[in-house]
Structures are given as C-alpha cells and as structure tokens.
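First the structure, in the form of structure tokens, and then the observations on it.
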C-alpha cells in the first residue's frame, strides 16, 4: 500500500507542477528530477514486486506516454461529485516528465459548443438551474465518482477537449487541498496578492470572478492567476518539502481518505488498486447491512457552501409496521448576502438500502421563498434506494429536512439475528459534517464498535456523536 501511495503521490505532485506551468523548470532541473522521480522510482523498484515496478513505469509514462485530465472541484459550490467543475487541465507524462497541454475554465470549453445538444440534463438541473443543455462543467451529477467521471469524459470528447482520445485517468482536487498545503508552506504572494490557508479560496474566487476586470484582463484570461499562483506554490514547495517532508507525506493519505483528492484510471488493474484503497470516491456496492449517503447539490446559490454548517442525524425505532428510520440533515447558514453568498438552494438526496419504503419527507420546498411543499423524487441506483427534494435556507437561519422510511427486510433480519452493520459514506468534497446516531433496536445492545460512552451501556439503544470527516462504519451486537 505504501508503494502504491508513493506512485499516486508522484502523479498528483507532477500533475500540479504541470498545471503550474512548471514543466519547463522541471526539465531544466535534472538535480530535482533525479532527487524526486528517479530516487523514488529506484526505491519502489528495490522494494516492490515485478508487477508493481511495471506499474510505476506505466503510470509515469516510462513505458509509453500517459495523459491525465485534471478536475478542479470547487467545494464552496458543492455538487454531488465533489464540487462545481470550475477549471480543468490536461497533463501528459513521458519518462516521468510532465507537459502541460491545457489549463482553463470549463466555460471556455462549454461555450465553444454552447448550441450543440448532448442530451437533456438531470431534471433538478433543468428545474432549479433552468439548464437547457447538459455539458462538461455540470457533468458530475452522480455522487459516484466513477460514474460522474465517465459522463464527464463523454462530454469532454463530444466537446472536442484537448487529447480527449488519449486520456488515461482523471485526478480531481478541491480547494481544500491547496489550503492544507499552504498551512504547511506558509503564505504566498502573487501579483501583490497574499494567499494564506485561511483566505485562499475566497481571495482566488474574488480574483477570477470580479477583480480580473480591474487588472485589465479579458474574461477568457481571468483564470490565468491559477497558473501564476500554482507556479509560485510549487517553487516554494520544491524547497519546503525537504524541510517538512513528514508533514507532506502525512497530508497525502489524509486528503485521499477525506475525499479531497480522488482518482480514476481507465486501466482496469490500476482502477482496481485505487478502489481497493478507497481512493476512487465510489459508492459502496456491497450490501453489508444498513447504509446512508446524504448528497447535496448547490443549484444557483453562488459559493454559499463556505457558510453552511451541516449535521446529519440518523435514527430508527421498532413499530407495529416495522423499523421506521429517519435521516435528517440540519443546515446552519452562518453567512450573509454578499457577492459570494446567497440563500442556500440545495437539491438533497439520501441513498439508503434497496427496498426501503418512503413514509414521509419534512421541510422540502417547491421553490426558494415558497410555502408550497416540494415534490419528493425517488428511484434506484447503484443497488440503493434514493429519495430527493429541494430546500432553501436564508442567511442567518437554520433549517432541518428529513426523510422517514421503512427499513427493508434485509436490515430487519440482521437486527433479529443480532448482528447489525451500518455504513455511512461522506459526500466527496464535504469538510466535516456532524453525525449523530440514535438507534433503538428493541433488544439489548451487548457490544458495539465504535463503543458508546460508559453511561449508555446496557439498554436497547445505540447512541453516538461523531463526524463525517471520513466514511464511518458501525457494528452492533445484539442480545
């Protein structure tokens, strides 16, 4: 696992170098190249199997050139697949050396084919964003990264994206990644603008959305600062990484586990390794027992997710009709109206075990500022049942929405048999939503992992408060 993570780290790091426009620097710096790439590859070769060694050469383009699509997911404008795809890049690797092919805003690619019809967008995008055409920047409607990426690659090819027929894999990152790097490296100043781990996202958004006009830049060139900023960061990091090597090595696995960096490979063996380590952002296909994934989609609410605090509560209890479960999300809007922040407009979905039957939904709306209850959608996908609806939250307000449903026989049987498992997956790109469980089994709890507090032992309930920084799993043994 360590060796494969080193491989992935090299890809991500070199990809960022290329996007920064640092490929030229890299080619002119044989000492750096030998230190980072050749030394690392040599270490892997010395400690790995023949197949692992071969993978290193393949992934980094030593066997033949490799091309990767980079997606920059803005999680302050949350979408099911991690965040609005505001920018993208393409980088080509040959013998471990990155070559930048393109980096630009997704609107540039989409606008070039704005009148072409690639099929209807998902219904919520049509209804709440009034989209007439579904294109690359809105392609990640699926909360499953593999499915979202496959759809994105279809649009990328249809829209004539650079090297579209040569893409070997996809690397997606959120602004959180850059913030965490800045927390290690310290502030960076570009074009007289100082970026810190605290102000990075807001300051960058201000530059590419508004202040580019003051700087005399054309709309199509407004995201040039991305190249300048990343180039400055990478030059700093090239030096800083040797001073804080352990910090950077520890950061990578955390960002992968927290789903701020996600990978996809079109090559089956590499994709299997990514999925086996939980780095692919996929929904669980295995039905181990009970399941929840809550998915939010910011639809026309600017960058308001920066101001939204989320907490998910899941509870159930036995009734004469069976076990009635409720999944409730509490939104606290801590912002106020400004150029980045509006009322929060969200299309929320919850994925639950297949066979679950909806009883009621509370708090959903037809439109924002409407008193008319919203229509609740439902369907099946990825071997799961899902329910969905629209909600809006005004600045300074708190709102809770919920779905109540009957648990299917498969989950009820596991409770009767005394062995209950719950998987709670986090949405890609979310930060650290709260998670509270209140599960009444109607029979005594005799063991649990993770355990409850000592004052909660010996009854029929399992209660715990934690978070969704990462995916969570719970195993309960019943009398």
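Residue numbers (our numbering): -12 to 466. Note that the Cβ used here is the ideal one computed from N, Cα and C, for glycine as well. Note that the coordinates shown come from a computational prediction; the quantities given were computed from them, not determined experimentally.
For residue 432, the beta-bridge partners assigned by DSSP are 465.
If you look at residue 172, you'll find it in the alpha helix (DSSP H) that goes 162 to 172.
Spanning the alpha carbons of residue 292 and residue 89 requires a straight line of approximately 28 Å. Here residue 69 is near residue 249, since their CB atoms are less than 8 Å apart.
Listed in chain order, the non-local C-beta contacts of residue 447 below 8 Å within the same chain comprise 427, 428, 429, 430, 431, 432, local neighbours out to five positions each way being set aside.
Checking the DSSP bridge columns, you'll see residue 181 partnered with 176. DSSP, read as helix, strand or coil, puts residue 343 in coil.
Within the same chain, Cβ atoms closer than 6 Å to the Cβ of residue 124 are found at 72, 93, 97, the five residues on either side in sequence being excluded. In chain order, 48, 52 place their CB closer than 7 Å to the CB of residue 81, counting only its own chain and leaving out the 5 sequence neighbours on each side.
The shortest CA-to-CA distance from residue 386 to any of 352, 366, 444 is the one to 352. If you compare the alpha carbons of 54, 396, 298 with that of residue 150, the shortest gap goes to 54. Note that the C-beta distance between residue 336 and residue 355 is not below 8 Å. If one requires a minimum length of 3 residues, the beta strand (DSSP E) runs lying completely within the region 361 to 441 are 364 to 368, 371 to 380, 385 to 393, 406 to 412, 421 to 427, 432 to 436, in chain order. Residue 190 and residue 76 have their alpha carbons spaced roughly 21 Å apart. Nearest to residue 457 by alpha-carbon distance, out of 132, 285, 243, is 243.
Straight-line measurement puts the Cα of residue 413 at about 9 Å from the Cα of residue 279.
Residue 239 and residue 308 have their C-alpha atoms roughly 47 Å apart. Here the alpha carbon of residue 415 sits roughly 8 Å from the alpha carbon of residue 245. The C-alpha of residue 302 lies about 6 Å from the C-alpha of residue 312. Around the beta carbon of residue 107, fewer than 16 other beta carbons lie within 10 angstroms, which makes this residue exposed.
Judged by pairs of C-beta atoms under 8 Å, the region 268 to 284 touches the region 403 to 411, as three or more such pairs exist. By the beta-carbon neighbour count (other beta carbons within 10 angstroms, threshold 16), residue 324 is exposed. With a cut-off of 8 Å on Cβ pairs, the region 207 to 216 is not in contact with the region 155 to 164, counting fewer than three such pairs. If you ignore the 5 residues before and after residue 284, its C-beta comes within less than 6 Å of the C-beta of 66, 67, 334, all in its own chain and listed in chain order. C-alpha of residue 216 to C-alpha of residue 241: approximately 23 Å in a straight line.
Three or more Cβ pairs closer than 8 Å define a contact, and the region 173 to 188 falls short of that threshold against the region 105 to 119. Taking all protein chains in view, the Cβ of residue 453 is surrounded by fewer than 16 other Cβ atoms within 10 Å, so the residue is classified as exposed. In terms of Cβ geometry, residue 455 and residue 423 do not form a close pair [threshold 8 Å]. Nearest Cα to residue 95 within the set 451, 87, 122: 122. Distances from the CA of residue 382 to each of 375, 388, 394, 294 were compared; the closest alpha carbon is that of 294. Counting along the chain, residue 236 sits inside the alpha helix (DSSP H) bounded by residues 232 to 244. DSSP lists 74 as the beta-bridge partner residues of residue 92.
Cβ-Cβ distances below 7 Å link residue 380 to 318, 320, 330, 331, 386 in the same chain, with the five nearest sequence neighbours on each side left out; the list follows chain order. Pairing residue 341 with residue 372 gives a Cβ-Cβ distance under 8 Å. Look at residue 450 here: in three-state DSSP terms it is strand. The beta-carbon distance between residue 310 and residue 399, rounded to whole angstroms, is 6 Å. This is short enough to meet the 8 Å contact definition.
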